[in-house]
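**Student:** Heads up, the sequence shown is in our numbering, so the first residue is 12 and it goes up one at a time. Glycine included, each C-beta is placed from N, C-alpha and C at the ideal position. Structure in structure tokens, see below.
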Amino acid sequence: MRLWGGRFSGSSDEAADYFHSSISFDKRLYRYDIIGSIAHGKMLGKQGIITLSDADLIAETLESILNDIESGALSISLDSEDIHTFVEGELISRIGDAGRRLHTGRSRNDQVALDMRMFVIDDIDAIKALLLALCSQLVETAEMHLDTIMPGYTHMQKAQAVTLAHHVLAYFEMFKRDCQRLDDCSGRTDVMPLGSGALAGTTYPLDRDFVKEQLGFSSISANSLDAVSDRDFCIEYLSCLSMIMMHLSRFSEELILWSTDAFSFVEISDAYSTGSSIMPQKKNPDMAELIRGKTGRVYGSLLGLLTIMKGLPLTYNKDMQEDKEAVFDASDTVKSCITIFIGMFKSLVFNKETMYNSSLSGYMNATDAADWLVKRGATFRDAHEIIGKLVLYAISQKRPIEDLSLEEFKSISELFDETIYEAISIETCVDARNLPGGPAASAVSDALVNAKNWLSTL
Ligand code: ARG
Numbered sequence: 012m013r014l015w016g017g018r019f020s021g022s023s024d025e026a027a028d029y030f031h032s033s034i035s036f037d038k039r040l041y042r043y044d045i046i047g048s049i050a051h052g053k054m055l056g057k058q059g060i061i062t063l064s065d066a067d068l069i070a071e072t073l074e075s076i077l078n079d080i081e082s083g084a085l086s087i088s089l090d091s092e093d094i095h096t097f098v099e100g101e102l103i104s105r106i107g108d109a110g111r112r113l114h115t116g117r118s119r120n121d122q123v124a125l126d127m128r129m130f131v132i133d134d135i136d137a138i139k140a141l142l143l144a145l146c147s148q149l150v151e152t153a154e155m156h157l158d159t160i161m162p163g164y165t166h167m168q169k170a171q172a173v174t175l176a177h178h179v180l181a182y183f184e185m186f187k188r189d190c191q192r193l194d195d196c197s198g199r200t201d202v203m204p205l206g207s208g209a210l211a212g213t214t215y216p217l218d219r220d221f222v223k224e225q226l227g228f229s230s231i232s233a234n235s236l237d238a239v240s241d242r243d244f245c246i247e248y249l250s251c252l253s254m255i256m257m258h259l260s261r262f263s264e265e266l267i268l269w270s271t272d273a274f275s276f277v278e279i280s281d282a283y284s285t286g287s288s289i290m291p292q293k294k295n296p297d298m299a300e301l302i303r304g305k306t307g308r309v310y311g312s313l314l315g316l317l318t319i320m321k322g323l324p325l326t327y328n329k330d331m332q333e334d335k336e337a338v339f340d341a342s343d344t345v346k347s348c349i350t351i352f353i354g355m356f357k358s359l360v361f362n363k364e365t366m367y368n369s370s371l372s373g374y375m376n377a378t379d380a381a382d383w384l385v386k387r388g389a390t391f392r393d394a395h396e397i398i399g400k401l402v403l404y405a406i407s408q409k410r411p412i413e414d415l416s417l418e419e420f421k422s423i424s425e426l427f428d429e430t431i432y433e434a435i436s437i438e439t440c441v442d443a444r445n446l447p448g449g450p451a452a453s454a455v456s457d458a459l460v461n462a463k464n465w466l467s468t469l
């Protein structure tokens, strides 16, 4: 079925029809399309543009079409060009001329902009719910590991000791910002475009605010040209989704590393691992790798839509139909990745002892030894130099600095006394970093309180 046959005398090419139709993927917008049409129809009746009885009949029939799709009684035929065509065609087949009046004062250009905005706003809520479940899981795990000491890294080299709780809560902060970004994106998407027509508004006395209220939007679009050609909200949403994937991917990468024989910090459960068809001993972190891999796919959607939009003159161009698969695929991908990540994360078994033992090598207490000298009156630069020499000596001995005798310490600097040992124990190194935002159990406990407060306000 076509909504625009009048001007055409020839029939269209079958392959071309298939090529330009979007029903196979935009059918998932049916709900928004119908709800939007109900609001538009009611407004047409209220404004006397169509009769109230036609408006009532339209609303009632659209509702039954919605129910029929949802119950499975009506299947969305892929013969229609797009979801808008399908819904309008079904309406007309059920109520004839009244149905043929629905599209008065509307274009598919403002209609599709409306549908996509409604989709994105709801989808943001769904993604946020998953992110909140993830954040709750992170808090739960962090609570169990306030005292689980592990190495912190820079340049992939051991740097200073932290705790697993602190490390996990670093990701909590990232996902919290992701939620806030989604809120911002939702706020900017919350603009009602109907009334913009094809591009230049309409001559009918539409009540745009009424439609806005009916659909629960906060405002109406300010410029008809912009309203039908703007896909910033889709791009912004894709960028939020990309950021979420970037965070999930970093965390996945760490779990992949931590589960290697070399690290052995963690064991990913069998439920989230796979084997090899040839190497019987293998247990591979495929889920984490796939999450890392699918990040590229979501970035691809973002880059794809940015590229689609960059050369489009105002206003609507059919290129913009490509927005849907990008947004739908990215959304589906992110939802499955967060869900799998939560399950995988819950099932992790952390090897606390291995993490602790790993913290004892790598001279991660060298900064603390320098800080000890500073507290004894040395300048930090001198202390840095002295401890550098101490570490060089300890490396030549293949011993950690806490294993050196006091004489050996004193041979490097006369400032040392026996209190140095307590000051550079790995526990002290962590506990002393107790500023807000630091890894000490006291600071992380405060961070946990803040994290839980934030979760409870949502
Ligand atoms: N399927 C189209 C899309 O997704 C709907 C809008 C069509 N408008 C038009 N003038 N061809 O963009």
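Return yes when the C-beta of serine 91 is under 7 Å from any heavy atom of ligand 1, and no when it is not.
**Tutor:** False, no ligand heavy atom lies under 7 Å from that Cβ.
**Student:** Does the beta-carbon of histidine 22 have 16 or more other beta-carbons within 10 angstroms, so that it is buried, or is it exposed?
**Tutor:** Per the sequence shown, residue 22 should be read as serine rather than histidine. Per the 10 Å Cβ criterion, exposed.
**Student:** Taking only the alpha-carbon atoms, compute the straight-line gap between histidine 156 and leucine 149 and give it to the nearest angstrom.
**Tutor:** Cα-Cα distance, rounded: 11 Å.
**Student:** Taking the straight line between their C-alpha atoms, what separation do you get for glutamate 333 and isoleucine 319?
**Tutor:** If I take the Cα positions, the gap works out to 8 Å.
**Student:** Note down the Cα distance separating aspartate 220 from valine 98, rounded to an integer number of angstroms.
**Tutor:** Their Cα atoms are separated by approximately 24 Å.
**Student:** Just the C-alpha distance for arginine 105 and lysine 294, rounded to the nearest angstrom, thanks.
**Tutor:** Cα to Cα, the separation comes out at about 58 Å.
**Student:** From leucine 359 to glutamate 278, what distance separates their C-alpha atoms?
**Tutor:** Taking the straight line joining both Cα atoms gives about 6 Å.
**Student:** Starting from tyrosine 432, trace the alpha helix (DSSP H) in both directions and tell me its first and last residue.
**Tutor:** 430 to 434 is the extent of the alpha helix (DSSP H) around tyrosine 432.
**Student:** To the nearest angstrom, report how far apart threonine 430 and serine 369 are at their CA atoms.
**Tutor:** Rounded to whole angstroms, threonine 430 to serine 369 spans 24 Å at the Cα level.
**Student:** Could you spell out the range, first to last residue, of the alpha helix (DSSP H) harbouring tyrosine 164?
**Tutor:** Where tyrosine 164 is concerned, there is no enclosing alpha helix (DSSP H), although the beta strand (DSSP E) it sits in stretches over 160 to 165.
**Student:** Do glutamate 413 and isoleucine 398 have their C-beta atoms closer together than 8 Å?
**Tutor:** Contact: no.
**Student:** Take the Cβ of alanine 26 as the centre, count every other Cβ of all protein chains shown within 10 Å, and call the residue buried at 16 or more, exposed below.
**Tutor:** Result: exposed.
**Student:** State the start and end residues of the unbroken beta strand (DSSP E) segment that holds lysine 169.
**Tutor:** Here the beta strand (DSSP E) through lysine 169 covers 168 to 174.
**Student:** One question on the structure: do lysine 38 and isoleucine 76 come within less than 8 Å of each other, judged by their Cβ atoms?
**Tutor:** Not in contact: lysine 38 and isoleucine 76 (Cβ atoms no closer than 8 Å).
**Student:** May I have a chain-ordered list of the alpha helix (DSSP H) segments no shorter than 4 residues that lie completely inside the segment 98 to 134?
**Tutor:** Listed in chain order, they are 108 to 111.
**Student:** Look at the Cβ atom of threonine 285, then the Cβ atom of aspartate 272, and state whether they are nearer than 8 Å.
**Tutor:** No, the Cβ-Cβ distance between threonine 285 and aspartate 272 is not below 8 Å.
**Student:** Which ranges would you report for the beta strand (DSSP E) in the segment 14 to 40 if only whole runs of at least 3 residues count?
**Tutor:** The qualifying runs do not exist here; there are none.
**Student:** Where does asparagine 464 fall in DSSP's three states?
**Tutor:** If DSSP states are grouped into helix, strand and coil, asparagine 464 belongs with the helices.
**Student:** Please report how far the alpha carbon of phenylalanine 244 lies from the alpha carbon of alanine 209, in whole angstroms.
**Tutor:** Roughly 19 Å separates the two Cα atoms.
**Student:** Which one of Leu384, Ile406, Ser453 and Cys440 has the shortest CA to CA distance from aspartate 428?
**Tutor:** It is Leu384.
**Student:** Is it buried or exposed for lysine 386, if we count other Cβ within 10 angstroms and need 16 for buried?
**Tutor:** So lysine 386 counts as exposed.
**Student:** Since lysine 363 contacts threonine 159 with CB under 8 Å, what's their CB separation in whole angstroms?
**Tutor:** Confirmed, about 5 Å.
**Student:** Mind checking whether the beta-carbon of arginine 199 lies closer than 7 Å to any heavy atom of ligand 1?
**Tutor:** Checking the Cβ of arginine 199 against ligand 1 gives no.
**Student:** According to DSSP, simplified to helix, strand and coil, what is asparagine 368?
**Tutor:** Helix, per DSSP.
**Student:** Under 8 Å Cβ to Cβ from leucine 466, same chain only, skipping five residues before and after it: list those, please.
**Tutor:** Cβ neighbours of leucine 466 beyond the five flanking positions: Leu143, Cys146, Ser147 and Val150.
**Student:** Quick one: which unbroken alpha helix (DSSP H) runs of 4-plus residues sit fully inside the segment 324 to 391? Chain order, please.
**Tutor:** Segments of the alpha helix (DSSP H) lying fully in the segment 324 to 391: 334 to 357, 363 to 371 and 377 to 386.
**Student:** By the 10 Å Cβ neighbour count, where 16 or more other Cβ atoms means buried, how is phenylalanine 391 classified, buried or exposed?
**Tutor:** Classification of phenylalanine 391: exposed, given that the 10 Å Cβ count is below 16.
**Student:** Shortest alpha-carbon distance to aspartate 237 belongs to which of Met257, Tyr283 and Leu125?
**Tutor:** The shortest Cα separation from aspartate 237 among Met257, Tyr283 and Leu125 belongs to Leu125.
**Student:** Report all residues from its chain with a CB closer than 7 Å to the CB of glutamine 225; omit the five preceding and five following residues, and keep chain order.
**Tutor:** Here the set comprises Ala50 and Lys53.
**Student:** Using a threshold of 7 Å, is the CB atom of methionine 366 nearer than that to any non-hydrogen atom of ligand 1?
**Tutor:** The answer is no for methionine 366.
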